[in-house]
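Student: So that we are looking at the same thing, I have put the structure below in structure tokens.
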DNA sequence: ACGGGACCATACGGTCCCGTATGGAAGGCG
DNA sequence: CGCCTTCCATACGGGACCGTATGGTCCCGT
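Residue numbers (the numbering used here), protein chains in the order written: chain A, 1 to 163; chain B, 164 to 326.
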């Protein structure tokens with residue numbers, strides 16, 4: 001996996017490998033811990049985000065706006081994880097998170113008045129678009145709408161998703 | 164970068180490093196060559212795919228279907244490249260390819276009758292969705308619609324994009 | 001005060017990879 | 001035949017990283 005090497009990590013924390021290997025048995029164990037933590041934080045963040053919101057369309061809009069527009073500042077680690085797949089533990093968590101997210105989107109779309117099947121399709125569309133958007137944000141941000149263009153993009157997307 | 168190591172590559176080709184370093188000066192040069200080749204092949208493939216097709220909506224549909232449904236068999240390397248970004252040469256090519264693809268989609272959508280701005284938004288939506296879809300295909304295919312569900316997904320997406 | 005556990009640093013061997021050095025084999029050409 | 005270019009293999013040094021070994025410090029209970 002990339003981005004989780006223990007020697008550089010230890011150095012960046014101002015400590016050493018010796019310390020690390022006291023707390024973790026393995027690099028495997030570090031990955032598991034990071035993964036578990038990521039999965040929990042991610043669901044917490046989502047729940048916290050949509051808790052105080054009203055139901056239906058506005059909740060969905062808030063979510064989508066937060067995800068697409070704010071994304072530059074608080075990047076999701078999904079993409080890195082997805083790219084670093086091939087690791088069994090990663091794949092397992094990733095699949096679970098993916099399912100939950102798509103299911104949640106589909107539920108919201110049903111609540112917004114769509115039929116079951118169509119809601120699912122659009123949930124997949126929205127979520128895959130989110131993933132691709134994240135990918136582009138970090139690989140080639142120049143090709144993406146930013147600022148008010150991004151807002152207009154979200155507007156268009158919302159209209160499309162809930163039409 | 165991941166997946167382009169020269170020692171494993173040489174071994175998998177039944178040759179050695181010595182041979183490699185005769186043909187290429189650097190690992191850098193290999194990456195450049197692979198990148199250039201990828202960019203060309205990719206445009207060729209797209210052009211070849213849409214050449215014999217009729218204009219307007221059917222061309223777009225063909226493209227989208229090919230991309231989403233057939234994708235399991237002939238995976239695009241974009242994702243791997245995008246993930247392996249940070250490399251300047253990769254970013255440059257990737258941004259060029261991304262722009263061209265989104266531009267092309269927007270053109271097709273304009274040809275299908277949409278306004279300029281809306282076409283661009285939907286092109287971004289379609290392309291980011293494609294990228295995310297590809298990511299999920301290789302990371303957690305279980306969370307995606309496959310088979311006729313995939314076809315229904317493409318149907319839904321086409322209706323949405325050209326509505 | 002002292003033995004032992006918690007916590008951490010240094011040092012080492014092993015693996016995988018990059019890049020270089022060097023020594024051929026095979027074929028055109030005087 | 002001798003020679004030179006082309007193409008390739010083996011051997012080496014270096015760096016990044018994993019995991020282990022080993023010793024040192026600090027603190028806590030007795």
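For every residue, glycine included, the Cβ atom is placed at its ideal position computed from N, Cα and C.
For clarity, every value in this text was computed on a predicted model and none was experimentally measured.
Checking contacts by CB at 9 angstroms: is residue 171(B) closer than that to chain A?
Tutor: Taking 9 angstroms as the CB threshold, residue 171(B) stays off the interface with chain A.
Student: Report all residues from its chain with a CB closer than 6 angstroms to the CB of residue 42(A); omit the five preceding and five following residues, and keep chain order.
Tutor: none
Student: Residue 152(A) and residue 280(B) - do their beta-carbons sit closer together than 9 angstroms?
Tutor: Contact annotation: residue 280(B) and residue 152(A) have beta-carbon atoms nearer than 9 angstroms.
Student: Spatial neighbours of residue 5(A) within its chain, please: C-beta separation below 7 angstroms, excluding the five flanking residues on both sides.
Tutor: Around residue 5(A): no qualifying Cβ.
Student: Grab me the residues of residue 265(B)'s own chain with a C-beta within less than 7 angstroms of its C-beta, minus the 5 sequence neighbours each way, in chain order.
Tutor: 286, 287, 290
Student: Check whether chain B comes within 9 angstroms of residue 79(A), counting only Cβ atoms and requiring the distance to be less than that.
Tutor: Confidence at residue 79(A) is low in this model, with a pLDDT of 49, below 50, so its placement is unreliable and the value that follows should be read with caution. Under the Cβ distance rule, residue 79(A) counts among the residues neighbouring chain B, one pair being separated by less than 9 angstroms.
Student: So does the region 175-188 of chain B actually touch the region 298-307 of chain B, counting three or more Cβ pairs closer than 8 angstroms?
Tutor: no
Student: Helix, strand or coil: which one does DSSP assign to residue 288(B)?
Tutor: helix
Student: Which of the three DSSP states, helix, strand or coil, is assigned to residue 3(A)?
Tutor: coil
Student: What residue from 108(A), 39(A), 106(A) has the CA that sits closest to residue 95(A)'s CA?
Tutor: Of the listed residues, the one whose Cα sits closest to residue 95(A) is 39(A).
Student: To be precise: take each residue of the region 252-269 of chain B, compare its Cβ to all Cβ atoms of chain A, and keep it if any distance is under 7 angstroms. Which residues remain?
Tutor: 254, 257, 258, 261, 262, 265
Student: Are the Cβ atoms of residue 109(A) and residue 60(A) separated by less than 9 angstroms?
Tutor: yes
Student: In angstroms with no decimal places, state the Cα-to-Cα distance between residue 319(B) and residue 313(B).
Tutor: 10 angstroms
Student: Around the C-beta of residue 284(B), are 16 or more other C-beta atoms found within 10 angstroms, so that it is buried, or is it exposed?
Tutor: buried
Student: Cβ closer than 9 angstroms: which chain B residues qualify as neighbours of residue 113(A)?
Tutor: Chain B residues near residue 113(A): none, gap ~15 angstroms exceeds 9 angstroms.
Student: Residues of chain A with a CB under 8 angstroms from the CB of residue 315(B): which are they?
Tutor: 117, 121
Student: Out of 134(A), 140(A), 163(A), which has the shortest C-alpha to C-alpha gap to residue 66(A)?
Tutor: 134(A)
Student: I'd like to check one pair, residue 112(A) with residue 162(A): are the Cβ atoms closer than 9 angstroms?
Tutor: yes
Student: Does residue 310(B) come within less than 9 angstroms of chain A when only Cβ atoms are used?
Tutor: So no, residue 310(B) is outside the interface.
Student: Is residue 306(B) close to chain A, meaning its C-beta is less than 9 angstroms from at least one C-beta of that chain?
Tutor: At least one chain A Cβ lies under 9 angstroms of residue 306(B).
Student: With burial defined as no fewer than 16 other Cβ atoms inside 10 Å of the residue's Cβ, what is the status of residue 210(B): buried or exposed?
Tutor: exposed
Student: Where does residue 33(A) fall in DSSP's three states?
Tutor: In the displayed model, residue 33(A) falls within a helix according to three-state DSSP.
Student: On a Cα-Cα basis, can you pick out the residue from 263(B), 268(B), 196(B), 255(B) that is closest to residue 226(B)?
Tutor: When each option's Cα is compared against that of residue 226(B), the closest is 268(B).
Student: Alpha helix (DSSP H) containing residue 164(A): first to last residue?
Tutor: With chain A running from 1 to 163 in the structure shown, residue 164(A) is simply not present.
Student: Could you tell me whether any Cβ in chain A is nearer than 9 angstroms to the Cβ of residue 195(B)?
Tutor: It does not; no Cβ of chain A falls within 9 angstroms.
Student: Would you report the Cα separation of residue 24(A) and residue 321(B), rounded to the nearest angstrom?
Tutor: 50 angstroms
Student: Within its chain, find whatever has a CB closer than 8 angstroms to the CB of residue 19(A); leave out the 5 residues flanking it on each side and keep chain order.
Tutor: Only 10 meet the Cβ criterion.
Student: Indicate the three-state DSSP secondary structure (helix, strand or coil) for residue 176(B) in the structure shown.
Tutor: DSSP places residue 176(B) outside both helix and strand once states are collapsed to three, so it counts as coil.
Student: Considering only C-alpha positions, which residue in the set 317(B), 207(B), 185(B), 302(B) is nearest to residue 99(A)?
Tutor: 302(B)
Student: Judging by CA-CA distance, which residue of 136(A), 97(A), 114(A) is the nearest neighbour of residue 45(A)?
Tutor: 97(A)
Student: Please classify residue 145(A): does DSSP put it in a helix, a strand, or coil?
Tutor: coil
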